[in-house]
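A short write-up of the structure that comes next.
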Amino acid sequence: MSTEIFKVIKPGLQTTVQDLGRYGYQQFGISPSGAMDPYSLQVANILVGNHPGEAGLEIAFVGPVLKAKRDMVIAICGGDFFPQVDDHEVSLWKSFLLKKGQVLSVGVCKAGARAYIAVAGGLDVPVVLGSKSTFLNGRFGGLEGRSLQKGDILKGNPVLRKPHRALHPSLIPEYNRKLRLRVILGPHQHMFTEESIGRFLNGEYVITPQSNRMGYQLNGPKLEHLSGPDIISDPVPLGGIQVPASGQPIILMAERQTTGGYTRIGTVISADIPKLAQAVPDTITQFATVSIEEAQRLYLERQILIKYLSLATAK
Amino acid sequence: MIEIEPLGDTAIRVYFGDEISETTHNQILQFTAWLSIVKIDGIVEWVPAYTTVAIYYRPEVISYEKLTGVAAKVFAASSDSPQRTPIVYEIPVLYGGETGEDLSYIANYHHLTEKEVIALHSGQEYLIYMMGFVPGFPYLGGLPAKLAVPRLEHPRPSVLAGAVGIGGNQTGIYPSDVPSGWRILGITPVKLFDITKQTPVLFAAGNYIKFYPIDGAEFSRVKQLTAENKYKVKTYLKGEEQP
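Pasting the structure below:
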């Protein structure tokens, strides 16, 4: 039953409601949005007994302070924030009981960039075009199409489930300042000089502060086009690596535009999106090519893991 | 013939040719029409563009190999399917004035009067080649060469929702207030995107847009009706007599 679960004391830097995204409307220009790091959101949901694709709160860099309006089971997964409940530290990657009246301070991120709060029973926001995800630029979805503000009340359908479920430590990702991203080259690799492809695959690129839910701007060895950066506009996927006239790559993330007019040298594979989503400015990034077969093998491994974890906690 | 290549590990890109043309566009429309008829398991969605279609899929349901095979078959079957008659949406535009401040620039650039620019711009049926960029934005073809103008050197940080502009050899309407380097020649009171509606997006690829000039009084009237959810955009079938 829908009821008030959180009062927002402090909203944090950019706290939004996200599920796994809004699909089926890209042909009308509507961005899928959704969680930047789907792995952490899915695990958080599994730990509280939800469907892995249920909506949770996505927290970026500086977390919110939330007052519980009733008892509920929650889990926080993702970057190393140091969450506290009434001044007592609580563990990440483990579900726990948050009692009515207690105050959850998620804290500031020390490693990684984003964390996800899942609440047993899920969040109660309207399903807009099949998803609860906030599309910030479109100003819809989630809580009134925006990030949380002080004084907001969040609703949910809390159910009390067994707490203290933890993810096996071997499955907890490590976030550091060096990142290796695997890519499938194309579709415009033939529009770059051969040396540029070499530079792209052998050079180091730094993630700049001009990075957000739409995309990450990188800085490194300049990539040169054979005859300009423009293409006839075409659809852009998650992880697409766009190279405008500056010769510096931009990796398209969850809230990307649906189409774009710049050459794309490659696409970051799905399995590497979660760790890219956790990368902070100044992270050094290297690219390596993989085959579609290898990329899909890694994708399936992740899918099977999520399914296995869901089954294991459903008992 | 088409070419198919991976677009990362959860999408393919079906490539129909090098040129923006109505022929390519029609092939793409027929192809996506067939995709919606045959309903292939594992396909999440597709996005038609000028010369390509991206198909997003779930590799756990359908493999890359299999999907490329199926897409080639769909293309072969689609090439001789009948074409539907497109719809033309009639879009009222208040040209010039404060909300169309670049109209005089466009007129001066081409040594035309403002009236001539309006007559040329509203005298065409523009084909919606694709949708993208932001929710509800149509990429249009058919701008008369006599109206093409260079983009602004410094894009405006924001233009109003409904702004009608020209950038290079393209014209279009902005559904929401976004940054733009296009020259703005008018504004429409019609909402191109409204999330509260059953069908939030007004346009679809394959249909046409025809602009017609209105005055300030009509603008206010339509704006009021739109706000009350009582305005319905007029349409006619392409090739039929205009009412």
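Residue numbers (the numbering used here), protein chains in the order written: chain G, -13 to 301; chain D, 2 to 244.
C-beta: ideal position from N, C-alpha, C; glycine also.
Chain-ordered chain D contacts of residue i [CB-CB under 8 angstroms]
i	result
S256 of chain G	G9, D10, T11
T179 of chain G	Within chain D, no residue comes near T179 of chain G; the closest Cβ sits about 20 angstroms away, beyond 8 angstroms.
G35 of chain G	None at all; the shortest Cβ gap to chain D is about 23 angstroms.
Q289 of chain G	E61
Y9 of chain G	V45, E46, Y57
Under 7 angstroms from the C-beta of residue i: neighbouring residues of chain G
i	result
Y65 of chain D	I278, Q282
E180 of chain D	One detail in the question is off: residue 180 of chain D reads as Pro in this sequence, not Glu. Those do not exist, as P180 of chain D stays about 11 angstroms from chain G at its closest Cβ, beyond 7 angstroms.
M132 of chain D	Q13, F14, G15
I196 of chain D	V114, F126
Residue i versus residue j - alpha carbon distance
i	j	result
D72 of chain G	S91 of chain G	8 angstroms
E6 of chain D	S37 of chain D	21 angstroms
L(-1) of chain G	I63 of chain D	39 angstroms
P173 of chain G	L161 of chain D	34 angstroms
Q171 of chain D	F212 of chain D	14 angstroms
W183 of chain D	E61 of chain D	43 angstroms
C63 of chain G	V266 of chain G	17 angstroms
I41 of chain D	L295 of chain G	29 angstroms
Q13 of chain G	D220 of chain G	11 angstroms
T25 of chain D	L148 of chain D	25 angstroms
G311 of chain G	V145 of chain G	Chain G is shown from -13 up to 301; residue 311 of chain G falls before or after that span and cannot be answered.
T2 of chain G	Q264 of chain G	16 angstroms
F194 of chain D	T227 of chain D	12 angstroms
G163 of chain D	Y102 of chain G	37 angstroms
G226 of chain G	R152 of chain D	26 angstroms
L68 of chain D	R250 of chain G	22 angstroms
P190 of chain D	I13 of chain D	38 angstroms
Neighbour list for residue i in chain D, Cβ cutoff strictly below 7 angstroms
i	result
G214 of chain G	Result: empty, since nearest Cβ-Cβ is about 14 angstroms, beyond 7 angstroms.
Q196 of chain G	Ordered by position in chain D, no residue passes the 7 angstroms Cβ test against Q196 of chain G, which lies about 15 angstroms from the chain.
S19 of chain G	In chain order: nothing, as chain D lies at least about 11 angstroms away.
V192 of chain G	The premise fails here: V192 of chain G is roughly 23 angstroms from chain D at the closest Cβ pair, so nothing lies under 7 angstroms.
I170 of chain G	P7, G9, D10
Contact test: residue i Cβ vs the ligand PLP heavy atom, cutoff 7 angstroms
i	result
G142 of chain G	No copy of the ligand PLP appears in this structure; indeed no ligand is present at all.
Three-way DSSP call (helix, strand, coil) for residue i in this model
i	result
P50 of chain G	coil
M239 of chain G	coil
K224 of chain D	helix
M177 of chain G	helix
G247 of chain G	strand
S80 of chain D	coil
I92 of chain D	strand
V48 of chain D	strand
P195 of chain G	strand
N205 of chain G	strand
R163 of chain G	coil
L295 of chain G	helix
Y102 of chain G	strand
I13 of chain D	strand
T2 of chain G	strand
R8 of chain G	coil
T86 of chain D	coil
I62 of chain G	strand
Y175 of chain D	coil
H211 of chain G	strand
L286 of chain G	helix
Q234 of chain G	coil
R302 of chain G	Residue 302 of chain G cannot be examined here, being either before or after the span of chain G that is shown, -13 to 301.
Residue i: contacting residues in chain G (beta-carbon distance under 8 angstroms)
i	result
Y51 of chain D	I218, S219, D220
Enclosing alpha helix (DSSP H) for residue i [first to last residue]
i	result
P24 of chain G	24 to 33
L78 of chain G	Here L78 of chain G belongs to no alpha helix (DSSP H), and DSSP marks it neither H nor E.
Y110 of chain D	104 to 110
Q31 of chain D	23 to 39
I56 of chain D	I56 of chain D -> not in any alpha helix (DSSP H); beta strand (DSSP E) instead, spanning 53 to 58.
I196 of chain D	Looking at the DSSP string, I196 of chain D is not in any alpha helix (DSSP H), and its letter there is neither H nor E.
9 angstroms Cβ cut-off: residues of chain D touching residue i
i	result
L286 of chain G	P60, E61
Minimum Cβ-Cβ distance from residue i to chain A less than 8 angstroms
i	result
I21 of chain D	Annotation note: the requested chain A is absent from the structure, which comprises protein chains G and D.
For residue i, the first and last residue of its enclosing beta strand (DSSP E)
i	result
L140 of chain G	139 to 142
L254 of chain D	Residue numbering for chain D in the displayed model covers 2 to 244; residue 254 of chain D lies beyond these limits and cannot be assessed.
A164 of chain D	164 to 168
V(-6) of chain G	-11 to -4
A263 of chain G	Taken as a continuous stretch (DSSP letters only), A263 of chain G belongs to no beta strand (DSSP E), being part of the alpha helix (DSSP H) at 259 to 263.
E6 of chain D	4 to 7
I217 of chain G	216 to 221
Interface partners of residue i on chain G, CB under 9 angstroms
i	result
E154 of chain D	Chain G residues near E154 of chain D: none, gap ~15 angstroms exceeds 9 angstroms.
G137 of chain D	F14, G15, I16
Does the count of Cβ pairs from the segment 139 to 153 of chain D and the segment 117 to 131 of chain D closer than 8 angstroms reach three?
-> yes
State whether the segment 100 to 108 of chain D contacts the segment 178 to 186 of chain G, with contact taken as three or more CB pairs (one from each stretch) at a distance under 8 angstroms.
-> no
Would you call the segment 106 to 121 of chain G and the segment 18 to 28 of chain G in contact, with 3 or more CB pairs under 8 angstroms?
-> yes
Counting Cβ pairs, one atom from each stretch, are 3 or more of them under 8 angstroms apart for the segment 275 to 282 of chain G and the segment 160 to 174 of chain G?
-> yes
Stretch pair the segment 33 to 50 of chain D + the segment 189 to 198 of chain G: three plus CB contacts closer than 8 angstroms | no
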